[in-house]
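Sequence order for the protein chains is A and B.
For the first sequence, the numbering used here assigns the number 29 to the initial residue and increments by one for each residue that follows.
For the second sequence, the numbering used here assigns the number 3 to the initial residue and increments by one for each residue that follows.
A quick write-up on the structure given underneath.
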Amino acid sequence: MESFFSRYRNLVVLTLALLVQVLGLALQVRKADAGVSATAQANVTSHDAKPVRLIRLWAASAVTPFERAIHWGTQGAADVWAGYLDLRHTREQNAELQKTIDRLRLEQATLLEDARQGQRLQWLLKFRESYIYQTVPAQVIGSSGSIQSRVVWLDKGKDAGLQPDMAVITPDGIVGKVRTVFDRTAQVLLINDETSGAGVVLETTRVRGILRGNASGQPQVVNLLADNRIQAGEKVLTAGGDQIFPRGLAVGTVEKVIRDTERGSYIDVVLKPAANLDHLDEVLVITQLGEQLSPEQQADVDASEALKGGEVAAAEAERKRAAAEMEERLPSLADPNAPKPAEGSAKPGDAPVAPPVPKPLPAKHADRFTPSGGSQSDAVTERPDAPKAVVATPAKTAGATKAVVPASKAVAGGKPGAKTKPGGVK
Amino acid sequence: MAVLTSDYRRELEIRRYPLAVYVLVPLLALVLQAWLPRLPVVGRFAYFDLPLLVTVYFALGRRNPIHGTLLGAVLGIGQDGLTQGAIGIWGIANTICGFLAASIGIRVVVENHTIRMMLTFGFTLLAGGIAFFVTRILLGLSYDWNWLGEILKAAGNAVIGLGLYPLLDRTQARD
Chain A
29 MESFFSRYRN
39 LVVLTLALLV
49 QVLGLALQVR
59 KADAGVSATA
69 QANVTSHDAK
79 PVRLIRLWAA
89 SAVTPFERAI
99 HWGTQGAADV
109 WAGYLDLRHT
119 REQNAELQKT
129 IDRLRLEQAT
139 LLEDARQGQR
149 LQWLLKFRES
159 YIYQTVPAQV
169 IGSSGSIQSR
179 VVWLDKGKDA
189 GLQPDMAVIT
199 PDGIVGKVRT
209 VFDRTAQVLL
219 INDETSGAGV
229 VLETTRVRGI
239 LRGNASGQPQ
249 VVNLLADNRI
259 QAGEKVLTAG
269 GDQIFPRGLA
279 VGTVEKVIRD
289 TERGSYIDVV
299 LKPAANLDHL
309 DEVLVITQLG
319 EQLSPEQQAD
329 VDASEALKGG
339 EVAAAEAERK
349 RAAAEMEERL
359 PSLADPNAPK
369 PAEGSAKPGD
379 APVAPPVPKP
389 LPAKHADRFT
399 PSGGSQSDAV
409 TERPDAPKAV
419 VATPAKTAGA
429 TKAVVPASKA
439 VAGGKPGAKT
449 KPGGVK
Chain B
3 MAVLTSDYRR
13 ELEIRRYPLA
23 VYVLVPLLAL
33 VLQAWLPRLP
43 VVGRFAYFDL
53 PLLVTVYFAL
63 GRRNPIHGTL
73 LGAVLGIGQD
83 GLTQGAIGIW
93 GIANTICGFL
103 AASIGIRVVV
113 ENHTIRMMLT
123 FGFTLLAGGI
133 AFFVTRILLG
143 LSYDWNWLGE
153 ILKAAGNAVI
163 GLGLYPLLDR
173 TQARD
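Structure follows, in structure tokens:
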């Protein structure tokens with residue numbers, strides 16, 4: 029027996045090494061298979077068993093301090109160059125950026141009204157909106173080193189408040205989610221990894237789906253029913269239903285639509301990610317979501333509103349000044365030959381007086397239709413206190429036909445404000 | 003003549019290195035493998051596998067299958083520990099490559115750069131094939147096998163080895 033082991037010592041060691049690793053793999057896969065769906069599998073594998081977690085901890089502890097040191101050194105050199113040496117055109121860029129900030133503040137204040145209206149409506153409909161309340165900036169210090177595994181390592185961990193399943197974003201778009209957290213480092217699963225998953229919605233067509241990476245490292249929305257409306261260039265946003273990413277964050281744009289080879293009626297929508305996943309430097313980890321804006325965001329909004337208020341007041345003053353100048357230059361509509369009204373006759377509180385109605389010329393041959401002739405004059409009676417409105421009242425007389433005096437006739441026969449009297453019409 | 007026996011020849015050509023080299027070089031390989039793909043230029047052409055390269059180098063130099071097996075296992079598991087996948091995929095691949103490299107090193111003169119290049123090329127392809135087998139067949143997971151990518155990776159490893167192996171040769175202990 030001893031001679032067997034000594035003779036085949038190399039093969040025995042090889043067999044043992046392979047056996048231990050195969051058993052380890054079998055245990056890991058068995059645990060992953062406890063979940064039913066692929067998404068569940070991804071979730072299960074995100075919580076490693078203790079021995080696996082220990083191996084990851086050892087690997088991370090051995091590698092990340094060196095990566096941190098290298099990153100610190102290169103970043104420091106780059107900062108010295110960018111911050112102290114290469115400062116050409118900085119003033120011009122600063123001025124341009126300031127203009128951009130002012131313009132964006134105005135746009136923000138304008139859009140804020142719509143946003144608040146949307147919030148009110150959502151509140152009425154009992155929707156719960158989540159805002160990014162607190163983020164932790166972190167530096168990407170390393171990767172997995174394998175094209176089969178798309179993860180990156182951050183220089184922040186449990187000490188900075190990071191926890192598994194927190195969303196990781198950049199200002200351009202989403203990046204991934206925190207998978208494993210150690211004291212001073214954390215592993216982030218990128219959205220283009222095959223085991224990742226996120227709920228997304230296409231901006232225009234409002235088609236919802238699940239985002240995950242394909243074998244080539246491109247994020248794609250999988251298992252969608254064929255839809256001709258989905259075209260290249262359409263934006264894709266987070267849907268907010270996965271309890272990780274807040275709603276409305278940029279994911280990417282549709283690059284192409286490919287038919288599912290296994291199921292012909294389904295399509296996969298390949299995306300161009302909004303964030304540059306191949307070259308990540310600094311990311312933000314969303315550590316807290318709230319139903320209100322954070323103090324920093326609120327201060328920014330207030331500044332925008334104040335700026336917009338000042339701009340609006342200045343614009344209003346400018347408009348009034350221009351109107352006054354225009355009024356002076358334009359010819360007046362008032363008749364310069366018209367007699368001026370007596371000064372002091374009009375009091376500020378008086379009601380406006382109706383203009384005089386021209387009287388018709390006297391008829392050469394008066395008949396019964398002549399306004400001033402016959403008994404018509406009896407029917408129209410002036411009343412100084414008559415209201416301005418002219419009311420046509422049907423006249424009722426005993427045995428007489430019903431007659432209506434039109435208002436125009438009543439007005440024509442006398443002064444405005446007259447009205448007919450009952451029994452006045454023959 | 004004693005000098006012509008296989009035992010004497012093997013004893014003569016076994017390379018030994020200081021302990022610091024055994025520790026630092028594999029560690030540096032892991033660190034660079036994880037860090038270099040992040041660089042803007044290098045990241046686009048990251049066709050290399052430094053831990054495997056180091057495994058093959060030490061296995062060929064030491065000519066000890068047990069040493070090659072264990073070094074490959076440790077480095078492969080270290081590689082797996084930095085990914086999000088199952089631990090053991092690259093561990094198995096590097097274990098087998100380390101064993102085979104050491105076994106071949108006993109029988110073949112490996113001081114020749116061309117032979118070392120060809121061996122590195124072959125072992126890189128073999129490691130990719132083993133990883134594909136373990137992932138796709140044993141675990142039933144998807145694996146993007148890209149012939150061009152694997153050949154480029156093997157070629158990259160061979161070229162890097164051409165420059166790296168002579169540098170590492172200088173670190174071996176002298177009696």
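We put the CB at the ideal spot given by N, CA and C, even for glycine.
As the structure is a computational prediction, the values presented were derived from the model and not from experiment.
Near the ligand MN: residue i beta-carbon under 6 Å from a heavy atom
{"i": "valine 57 of chain A", "result": "This structure lacks the ligand MN, and indeed carries no ligand of any kind."}
Residue burial classification, residue i (beta-carbon count within 10 angstroms, cutoff 16)
{"i": "glycine 372 of chain A", "result": "With a pLDDT of only 48 at glycine 372 of chain A, under the threshold of 50, the placement of this residue in the model should not be trusted, and no figure is reported."}
{"i": "valine 111 of chain B", "result": "exposed"}
{"i": "asparagine 159 of chain B", "result": "buried"}
{"i": "arginine 116 of chain A", "result": "exposed"}
{"i": "isoleucine 286 of chain A", "result": "exposed"}
{"i": "methionine 194 of chain A", "result": "buried"}
{"i": "glycine 332 of chain A", "result": "In the sequence under discussion, the amino acid at residue 332 of chain A is serine, which differs from the glycine named in the question. Buried: at least 16 other Cβ atoms inside 10 Å."}
{"i": "phenylalanine 33 of chain A", "result": "exposed"}
{"i": "isoleucine 132 of chain B", "result": "buried"}
{"i": "leucine 113 of chain A", "result": "exposed"}
{"i": "alanine 254 of chain A", "result": "exposed"}
Residue i and residue j closer than 7 Å at C-beta
{"i": "valine 91 of chain A", "j": "alanine 36 of chain B", "result": "yes"}
{"i": "glutamine 49 of chain A", "j": "glycine 90 of chain B", "result": "yes"}
{"i": "valine 209 of chain A", "j": "lysine 186 of chain A", "result": "yes"}
{"i": "alanine 88 of chain B", "j": "glutamine 248 of chain A", "result": "no"}
{"i": "glycine 280 of chain A", "j": "proline 274 of chain A", "result": "no"}
{"i": "threonine 163 of chain A", "j": "isoleucine 314 of chain A", "result": "yes"}
{"i": "serine 224 of chain A", "j": "proline 39 of chain B", "result": "no"}
{"i": "alanine 166 of chain A", "j": "leucine 182 of chain A", "result": "yes"}
{"i": "arginine 58 of chain A", "j": "isoleucine 169 of chain A", "result": "no"}
{"i": "leucine 32 of chain B", "j": "glycine 80 of chain B", "result": "yes"}
{"i": "alanine 157 of chain B", "j": "glycine 100 of chain B", "result": "no"}
{"i": "alanine 77 of chain A", "j": "threonine 213 of chain A", "result": "no"}
{"i": "leucine 252 of chain A", "j": "isoleucine 295 of chain A", "result": "yes"}
{"i": "threonine 198 of chain A", "j": "alanine 303 of chain A", "result": "yes"}
{"i": "proline 20 of chain B", "j": "leucine 77 of chain B", "result": "no"}
{"i": "glycine 83 of chain B", "j": "arginine 178 of chain A", "result": "no"}
{"i": "lysine 155 of chain B", "j": "tyrosine 49 of chain B", "result": "yes"}
{"i": "arginine 46 of chain B", "j": "glycine 107 of chain B", "result": "no"}
{"i": "glycine 163 of chain B", "j": "leucine 55 of chain B", "result": "yes"}
Chain B residues whose Cβ lies nearer than 8 Å to that of residue i
{"i": "isoleucine 83 of chain A", "result": "Ile79, Asp82, Gly83, Ile89"}
{"i": "valine 249 of chain A", "result": "The premise fails here: valine 249 of chain A is roughly 17 Å from chain B at the closest Cβ pair, so nothing lies under 8 Å."}
{"i": "valine 168 of chain A", "result": "Arg40"}
Proximity test, Cβ basis, 7 Å: residue i and chain B
{"i": "alanine 77 of chain A", "result": "no"}
{"i": "valine 57 of chain A", "result": "yes"}
{"i": "serine 177 of chain A", "result": "yes"}
{"i": "leucine 139 of chain A", "result": "no"}
{"i": "arginine 35 of chain A", "result": "no"}
{"i": "glutamate 124 of chain A", "result": "no"}
{"i": "serine 457 of chain A", "result": "As shown, chain A starts at 29 and ends at 454. That puts residue 457 of chain A outside it, with no answer to give."}
{"i": "asparagine 220 of chain A", "result": "no"}
{"i": "glutamate 310 of chain A", "result": "no"}
{"i": "serine 171 of chain A", "result": "yes"}
{"i": "arginine 207 of chain A", "result": "yes"}
{"i": "alanine 243 of chain A", "result": "yes"}
{"i": "histidine 117 of chain A", "result": "no"}
{"i": "glutamate 231 of chain A", "result": "no"}
Test: residue i CB closer than 7 Å to a CB of chain A
{"i": "phenylalanine 123 of chain B", "result": "no"}
{"i": "valine 33 of chain B", "result": "yes"}
{"i": "tryptophan 149 of chain B", "result": "no"}
{"i": "threonine 71 of chain B", "result": "yes"}
{"i": "glutamine 174 of chain B", "result": "no"}
{"i": "alanine 22 of chain B", "result": "no"}
{"i": "threonine 126 of chain B", "result": "no"}
Chain A contact residues for residue i, given Cβ-Cβ distances below 9 Å
{"i": "isoleucine 94 of chain B", "result": "Ala45, Leu46, Gln49, Val50, Leu53"}
Neighbouring residues, chain A, relative to residue i (Cβ below 8 Å)
{"i": "phenylalanine 101 of chain B", "result": "Asn38, Leu42"}
Interface partners of residue i on chain B, CB under 7 Å
{"i": "histidine 98 of chain A", "result": "The identity of residue 98 of chain A in the sequence shown is isoleucine, whereas the question assumes histidine. Here the neighbours are Trp37."}
{"i": "threonine 223 of chain A", "result": "Gln86"}
Proximal chain B residues relative to residue i, where beta-carbon distance stays under 9 Å
{"i": "alanine 88 of chain A", "result": "Gly83, Leu84"}
Segment contact flag, the segment 126-134 of chain B with the segment 80-98 of chain B, C-beta cutoff 8 Å, min 3 pairs
Contact holds: three or more Cβ-Cβ distances are below 8 Å.
Hey, is the segment 64-77 of chain B in contact with the segment 192-210 of chain A, meaning 3+ C-beta pairs nearer than 8 Å?
With fewer than three CB-CB distances shorter than 8 Å, the segment 64-77 of chain B does not count as touching the segment 192-210 of chain A.
Contact the segment 113-128 of chain A vs the segment 235-246 of chain A: 3+ CB pairs below 8 Å:
No, the segment 113-128 of chain A does not touch the segment 235-246 of chain A.
Is it true that the segment 129-138 of chain A meets the segment 322-336 of chain A, where meeting means three or more beta-carbon pairs spaced less than 8 Å apart?
A contact exists between the segment 129-138 of chain A and the segment 322-336 of chain A.
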